[in-house]
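Residue numbers (the working numbering), protein chains in the order written: chain A, 1 to 249; chain B, 1001 to 1249.
Cβ coordinates follow ideal geometry from the N, Cα and C atoms, glycine included.
None of the values given here were measured: they were computed from a predicted structure.
There are 2 protein chains.
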Amino acid sequence: MGDPERRRRRLLLVSNSTLHGGGYLEHCQEQIEKFLGENVRRVLFVPYALHDQNAYAKMAREKFESLGYGLDSIHESLDPRDTVREAEAIFIGGGNTFRLLKKLYDNDLIQPIRKRVLEDGIPYIGSSAGTNVATISISTTNDMPIVYPPSFLALGLVPFNINPHYLDPDVNSTHMGETREKRILQYHEEPNTLPVLGLREGSLLLVEGDKATLQGKTGARLFVRGKTPTEHEPGTDFSFLLNEDPEKL
Amino acid sequence: MGDPERRRRRLLLVSNSTLHGGGYLEHCQEQIEKFLGENVRRVLFVPYALHDQNAYAKMAREKFESLGYGLDSIHESLDPRDTVREAEAIFIGGGNTFRLLKKLYDNDLIQPIRKRVLEDGIPYIGSSAGTNVATISISTTNDMPIVYPPSFLALGLVPFNINPHYLDPDVNSTHMGETREKRILQYHEEPNTLPVLGLREGSLLLVEGDKATLQGKTGARLFVRGKTPTEHEPGTDFSFLLNEDPEKL
C-alpha cells in the first residue's frame, strides 16, 4: 500500500473462462467491457497455457472482436518482449498453469509484463491459469505439473494467492483424494505462506490500484494461515489483501 | 528389460491408503502381508508427505504392528541415509507429493533408496504420494504444488508414470475444471512423455523384477501418448510398461 508503482495497477482476475451452460467468457463479458473501457482498442492475448495456440487464439479473437476489440496473439509475434512493451492491454487465458508459467519464463516475459501492468498501468485480464500466474506464485493451482518451470514464483501483480475454480467439498463423495479446502490448508502448513482467495466458478476479482472487489455471483472463500476460513459475498471489499505485510491481516 | 539391476526390484504401488468406509491400509493389508512375507521384521516408514510426522508415524506403526511388523520412522533417525542403507523394507506414505519429493531431495535420499530397492532388492511399498515418487516423475500427481522441489524427477523405480486416486469423469458435474483424463491428455501433449497408469482407488500395482500385475478390485486406465486410453481389469499383466524403450509400447 502506498507504493506509487502499484497505484496504477488494474486487474480483472477471473476464476474460469467458461461457466456451465454458457459460452466462452460469456459470464464475465460485461465486466470485461467495462474494465477495458473505450480507450483500449487492441488486446494482447497470451495462449501459452494450451497446446494448440492457433486454435486458442482464434477462439479468443472471435470473442474479443464480438465485443469490439482487436486481438493480437503473442505466439504470432517475432519479438514477444517488444510486443508486450507495446501492448494496450493483456489477456492471459487458462489451460495448464505449469506450461503457461514455464513459457513466460522461457520467453523472458515476467519482468516486461510486470513493468507494463504495475508501472504503466495497462489493464490485465487473467482467466483460470492466467489468474494463477497474476498472483505471487502458482502454489495453489489445481493443475497437473506436466512441465517443470524454473520457479513457482509468478508475476506477483498481487501479494497473495488465488485458487481458481474453487470447489466446495462434496458431502456425498466416496472419493478419498483431498478436498480442495484440505489442499489449501496443507499449503498453509508450510511457513510464510500467503492468504489464498478461493474464487468459485463464476467469480472475479477486480483490482484497481489499492482497491480489490469481489464480482460475479458465486462468492469466494478466503483462507489465511492460522485462521478459520471465511465466506464472502459478491461485492466484498478485499483491499486488505493488497497489503504487502501479511502480519497486518 | 534384461538389466540385471532391475531384476531384483520388488514394489507394491498402492493408489490410496484408505478406501471409503474402511480403515487405514485395510483394503490392501492382505497384499502387504503377502508382499513383505516372513523374512521382513521391520519396515522403514517415510512420513515426509504429511506435516505432522509424529502423528503419521504413530498411525502407521499401529497398523504395521497389528500385522506383525516393527516400524521405524525415518524422521526419528539422526542419519536418514544410513537408516535407508540398513532398512529391510521401505514404506512411503501419502500426503502432498511436492512436499514429499522435496524432503527426499533435501535429505539426499533419492540415490540411497534407488540403490536399496533396485540393487539390493528390498521391498518398497508406496501409497498415493509414495506411489507417485516411486515412478519416473511426479508430473501426474493430483496434489497442489505447495513447495518447489529441485526437480520433478523422482525415484524412477519404474520407467512410467502413475496417477493415483484415478477418478472417472462425473457425467453429471457442472464443474468446468479439467477432468482427470483431460489433465493426463495435457501431459501427453508434451514431447517425450511416458505412459500414465491411472490407478483407481482400491487398485494396486505389484512389480516383481520384470513382471507387473494389477491387483485390487477397481481396475485401471492406461494412457499412452498418441493412443486411445484403454481399460484394464484386475489381474492384468502390465509387464510391458517396464520396458525402458517407450517406442516398443
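With respect to chain A, the C-beta atom of B:Thr1213 has no partner C-beta closer than 8 Å. About 6 Å separates the beta carbon of A:Gly216 from that of A:Pro234, a gap short enough to meet the 8 Å contact definition. In this structure, the alpha-carbon of A:Arg9 lies about 16 Å from that of A:Ile92. Taking a 10 Å sphere around the C-beta of A:Val147, we find 16 or more other C-beta atoms and assign the residue as buried. Using beta-carbon distances, B:Ile1125 does not count as an interface residue toward chain A, since no partner is under 8 Å. Shown here for B:Glu1231: same chain residues with a beta carbon closer than 7 Å to its own, the five before and five after excluded, namely Gly1219 and Arg1221 in chain order. Per DSSP, B:Thr1230 is one residue of the beta strand (DSSP E) stretching across Thr1230 to His1232. Within 10 angstroms of the beta-carbon of B:His1020 lie fewer than 16 other beta-carbons, which makes it exposed.
Here the alpha carbon of B:Ser1127 sits roughly 13 Å from the alpha carbon of B:Asn1142. By alpha-carbon distance to B:Ala1087, the top candidate from B:Thr1097, B:Asn1096, B:Ser1073 and B:Gly1094 is B:Ser1073. Around the C-beta of A:Arg85, fewer than 16 other C-beta atoms lie within 10 Å, and the residue is accordingly described as exposed.
Cβ contact annotation for A:Tyr56 (same chain, cutoff 6 Å, sequence separation greater than five): Pro47 and Leu50, in chain order.
For B:Val1014, the enclosing beta strand (DSSP E) has its first and last residue at Arg1010 to Val1014.
Of the residues A:Ser77, A:Lys102, A:Pro80 and A:Leu25, the one whose Cα lies closest to the Cα of A:Glu65 is A:Leu25. Contacts with chain B at 8 Å (Cβ-Cβ) do not include A:Met59. Under the Cβ distance rule, B:Ser1151 counts among the residues neighbouring chain A, one pair being separated by less than 8 Å. Take B:Thr1193, set aside five residues on each side of it, and the residues of its chain with a beta-carbon closer than 6 Å to its own are Tyr1187 and Arg1225, in chain order.
Taking a cut-off of 8 Å on C-beta distances, the stretch 1114–1127 of chain B touches the stretch 1029–1044 of chain B, as three or more cross pairs fall below it.
If you keep only unbroken beta strand (DSSP E) runs of at least 3 residues inside the stretch 1101–1176 of chain B, you get 1124–1127 and 1161–1166. Counting along the chain, the unbroken alpha helix (DSSP H) around A:Asp82 starts and ends at Pro80 to Glu86. Look at A:Lys217 here: in three-state DSSP terms it is coil, with no helix or strand label.
Straight-line spacing of the CA atoms in B:Val1043 and A:Tyr166 works out to 39 Å.
Straight-line spacing of the CA atoms in B:Leu1012 and A:Leu155 works out to 41 Å.
Secondary structure of B:Ser1017 (DSSP, three-state): coil. In the same chain as B:Ile1113, and ignoring 5 residues on each side of it, the C-beta atoms closer than 7 Å to its own belong to Val1084, Ile1090 and Leu1155, in chain order. Spanning the alpha carbons of B:Ile1138 and A:Glu33 requires a straight line of approximately 40 Å. Judged by their CB atoms, A:Phe160 and A:Leu101 are not nearer to each other than the 8 Å cut-off. Within chain B, the residues whose beta carbon sits less than 9 Å from that of A:His51 are Gln1186, Glu1189 and Glu1190, listed in sequence order.
In the three-state reduction of the DSSP assignment, A:Tyr56 falls in the helix class. Around the C-beta of A:Val207, 16 or more other C-beta atoms lie within 10 Å, and the residue is accordingly described as buried. Sequence-distant Cβ neighbours of B:His1027 in its own chain, meaning closer than 7 Å and more than five residues away, are Leu1019 and Gly1202. At a cut-off of 8 Å between beta-carbon atoms, A:Ser139 makes contact with chain B. Considering only beta carbons, the part of the stretch 161–178 of chain A lying closer than 8 Å to chain B consists of His165, Leu167, Thr174, His175, Met176, Gly177 and Glu178, in chain order.
Under DSSP, B:Lys1211 shares a beta bridge with B:Glu1208. Look at B:Thr1018: its C-beta is under 8 Å from a C-beta on chain A. Contact residues of the stretch 194–205 of chain A toward chain B are Glu201 (C-beta to C-beta distance below 7 Å).
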